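Undergrad: Per the working numbering, the sequence shown starts with residue 72, numbered consecutively.
The C-beta atom is built at its ideal place from N, Cα and C for all residues, glycine as well.
Everything numeric in this text was worked out from a predicted model, so none of it was measured.
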Amino acid sequence: MLGLSTALGLAVVTMGASRTTTLSFRSSGLTVAVDSDRGAIAEVTNRLTGDTYPVLSDGCRLTTDRGAVDLRRVPAVLERHGPGGATFSARARGLEVRWAYRLDGGRDYIDRDLSVTNTSDEAVLLRSVED
72 MLGLSTALGL AVVTMGASRT TTLSFRSSGL TVAVDSDRGA IAEVTNRLTG
122 DTYPVLSDGC RLTTDRGAVD LRRVPAVLER HGPGGATFSA RARGLEVRWA
172 YRLDGGRDYI DRDLSVTNTS DEAVLLRSVE D
């Protein structure tokens, strides 16, 4: 159950000619900003101290017998978002990768769940996941 301290914000930030959509999730002690175009955490703010920490790299790399898939280089699709979380997906090399961020109101950390589905007609050997 999500507590009353969990909230979702949606902001559009203009950077030159491009626009970045940021989803914001808050608990009582933490705010996490997620770039919805990349499906990646952009910054984390400690709400107790006010300190904000930019996240320079938030990605995942899968290595298969068909090659590597780096989620930082694959377009992310925002599937859904709401209070306390968002789910993204991407397709590459016969795989569909889904990841979800969750921030529950009573906790001051964020969960990221990852699932990989073979969408091709052939077997794929998943050799490693670097998260």
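1. For P125, list the residues DSSP reports as bridge partners.
2. Tell me, please, whether the segment 92-99 touches the segment 128-143 by the rule of three or more beta-carbon pairs shorter than 8 Å.
3. Measure from the alpha carbon of N189 to the alpha carbon of each residue in A111, L101, V105, L133, then state which is nearest.
4. Under 6 Å Cβ to Cβ from T85, same chain only, skipping five residues before and after it: list those, please.
5. Leaving out five residues before and five after A88 in sequence, what residues of the same chain have Cβ atoms less than 8 Å from its Cβ?
6. DSSP puts A194 in a beta bridge; with which residues?
7. Does DSSP put A82 in a helix, a strand or coil?
8. Cα separation between I112 and T92?
9. Where DSSP assigns a beta bridge to L101, which residues make up the other side?
10. Which complete alpha helix (DSSP H) runs does the segment 144-202 hold, if anything under 4 residues is left out?
11. Taking Cβ positions, are Y172 and V105 nearer each other than 8 Å?
12. Give me the residue from R178, G165, D179, L174 with the minimum Cα distance to V195.
TA: Judging by the given coordinates:
1. E114
2. no
3. L133
4. Reliability fails at T85, whose pLDDT of 37 lies under 50, so the model's placement of it is uncertain and the value that follows must be treated cautiously. Nothing listed; no residue qualifies.
5. Note that A88 has pLDDT 44, beneath the 50 cutoff, so the model's placement of it is unreliable and no number is given.
6. Its beta-bridge partners do not exist; DSSP assigns none.
7. Summary for A82: the model assigns pLDDT 40, below 50, so the residue's position carries little reliability, and this model does not support an answer.
8. 12 Å
9. N117
10. none
11. yes
12. G165
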